[in-house]
Amino acid sequence: MIELKEIIPITSKLSLLYIDEDYKVLSSVTKVLKQVFLRVDDAENATVGLSYAKINNYDLIIIDSASSVMSVYQLLDNLYRIDTFQNIIVTTKELSQKDIIDIYKRNISSVIQKPFTASELLDEIISIASKLLHDRNYLEPELEKLNQDLMYERKRIGRFMVNEKKLNDKIKLFTQNIQINRNIHELTKLPSKYALNSAIDDNVQSLIYINIDHFDFINNIYGMAKANKLLIECAKRLGLFLPKNAEVFHITADEFVILLDDPAKDQDILLARQIQALFKEAPVEFDTYSHSVVFSIGIDRGKGKQLFINAKYASKESRYFGGNQITVYSPMSEYMKEQKESLYWIEILKKAFDDDKIFTYYQPIINNSDSGIKHYEVLCRLMDDNNKLVDASKFIHSARLVGLITQITRTVIDKSFKVFQDNEYNFSLNISMHDLHESYLESFLVYKCEKYNIDPNRVYLEIVEDIIFSKSLEIDEQITSLKEKGFHVIIDDFGSDKSTYNRMFDLEAEFLKIDGSFIRGIAKNEVNKIIVQSIVDFAKKSGMKTIAEHVENPQDYDTIKELGIEYSQGFFLGKPSLKLK
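To convert a position in the sequence shown, counted from 1, into the numbering used here, add 10.
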């Protein structure tokens, strides 16, 4: 989670414009941003925002999609007419999946779903601002110095007026040069993104989008000055052995493009492989250092400006699958399908919150000693656009992408507390890393316990694997404080890859829920019996009780009781249901 002090070194020299008709959001967000940006202007509608954009140069513009003056598409088009390569973040509460896809096709920097937290917005801003620092024109410091000299000269007596005129003329010349040189990337002297925009035409071309993997790491390890020298060496090497119909462009700090005119069959793929091989043969040498550089490369062939957008998507797909590979853009690739599916579930989630279609289901946890029900796990379901209930595995990834995890948790807590206020059952809630990072959970749970007259001793918190794997003093202190107030802790999915035995002692959990992959079919699986028996023995020696999940037949149920597991849940014992049994 980004803190203000971390972002200030990156944003302190940048300017920002924020356009939003929601005055409350506009006021609160700009109040935060003014602490970290050199300049922040706020506009209460699109008309005012455009007037600002016409007279000022902004490094970043944030706009909200809800506008009573013009559509978000009209606003984007007007902003891009002012500056074709303007960095823009769109915030939205109402756009459909199709609208979000269409907006991304306009090559905006990011879309953030409302309501958003300050940390979510700052995470997006720092990603964009980091690249802006590399992409800023290197003539600006010299121009700034001249302006300072001019102010000094103006304080002098009349006899120095001649010097003022000379400096004014010089500043005017430098200003003209800045506009002329925008087609050349000042660091590497390669054609810039503005030159690329002019070079892409309506003839058949192929665009190779080259993104340096782990450049943030390079920046952090060597520092920005040395990272710049590495970029210069990369640019030189990319320019070697290019065919006559190819030109290389420097887009932003870690991004390059090679444009091929009238490419031969598979020429782009062969060239991308040659680039990979060229950098694989020898590390890049800069100063006294050497670093092995690898790329996430995306390729698209066709006509028009969409080439750049599609190749960039393909590069992101390469990075998504680990980097150091080449991907040819395909709208039907698994990655693109996943992106579209994520956008679909984001829209479904938004509608589910608006229409109160988030539901809580309850699955019993059986005491193996007497087969009685004293405990339920609370599970989240939502209604999709076909009026079908779907479980959390379908939408939880999309919820993470747009920061809706904590909103889901709050909804589940509220609905489940209303149900359990009228009985004596214990119940467990699934808690994620996001819930603890936002530091709201303890006060929220205590408030709900007081409101519904529920003893915290009845509430069990199932800690998922991202918390188990993380070692954070702040999170451990929150868990300790929750336990001190009477809440219980269950380690969920114990035995999965990320779970570690050491963390069990750090968190001082009272229950271990054994991962279902070891329980399914355990009656006939001798290896899983051995694994589960070792987990049970470990838990008993550590003073923890065990829960088996995914118990689906009587044979498995008998086996886990023989192994000494105290509690069980699964379809054989009780399916999740909207009401308690």
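C-beta atoms are modelled at their ideal positions from N, C-alpha and C, and glycine is treated no differently.
Name the DSSP beta bridge partners of F437, please?
-> Y386 and V469
How many angstroms separate the CA atom of V79 from the CA atom of F581?
-> 54 Å
Going by DSSP, name the residue or residues bridged to L70.
-> L26
Any 3 or more C-beta pairs closer than 8 Å across the segment 252 to 271 and the segment 344 to 364 | no
Taking the alpha-carbon positions, what's the E518 to S491 distance?
-> 12 Å
Would you kindly work out how many angstroms separate the C-alpha atoms of A402 and I418, rounded to a whole number?
-> 10 Å
Specify, as a first and last residue, the run of the alpha helix (DSSP H) that D364 falls within.
-> E344 to D364
Member of S426, D211, Y567 and H498 whose CA lies at the smallest distance from the CA of C390 | S426
Pairwise C-alpha distance: Q565 and A533 | 6 Å
Count the other CB atoms within 10 Å of the CB of R283; is the residue buried (16 or more) or exposed (fewer)?
-> exposed
Quick one, which of K495, K550 and R530 has its alpha-carbon nearest T569's?
-> R530
Straight-line CA distance for K555 to V546?
-> 8 Å
Applying the criterion that 16 or more other CB atoms from any shown protein chain within 10 Å of the CB defines a buried residue, is N463 buried or exposed?
-> exposed
Out of curiosity, what's the CA-to-CA distance linking I501 and K493?
-> 13 Å
Decide if M443 is buried, meaning its Cβ has at least 16 other Cβ atoms within 10 Å, or exposed.
-> buried
For my contact list, A362 and L392 are in at a C-beta cut-off of 8 Å; report their separation, rounded to the angstrom.
-> 4 Å
Report the rounded CA-to-CA distance for A287 versus A324, giving the unit in angstroms.
-> 20 Å
Is the segment 87 to 103 touching the segment 47 to 66 in the sense that three or more CB pairs, one from each, lie closer than 8 Å?
-> yes
Determine the direct distance from the alpha carbon of N467 to that of I113, and round the result to whole angstroms.
-> 49 Å
Ignore the nearest five residues each way along the sequence and tell me which others in N440's own chain have a CB closer than 6 Å to its CB.
-> E472
Based on the DSSP secondary-structure assignment, which residues constitute the bridge partners of H224?
-> Partner(s): none; H224 has no beta bridge.
Could you work out which residue in Y371, K141 and L85 is closest to K591 when comparing CA atoms only?
-> Y371
In angstroms, rounded to a whole number, what distance separates the CA positions of K199 and L414?
-> 43 Å
Coil, strand or helix - R530 by DSSP | coil
What's the gap between the Cα of D211 and the Cα of Q373?
-> 60 Å
Determine the contact status of I135 and V100, defining contact as a CB-CB distance below 8 Å.
-> no
Do Y435 and Y386 come within 8 Å of each other at the CB atom, strictly closer than that value?
-> yes
Does DSSP put H447 in a helix, a strand or coil?
-> helix
Compare the Cα-Cα distances from Q107 to each of N191, A53 and D395 and report the closest residue.
-> D395
Determine, using beta carbons only, whether V121 and T102 come nearer to each other than 8 Å.
-> yes
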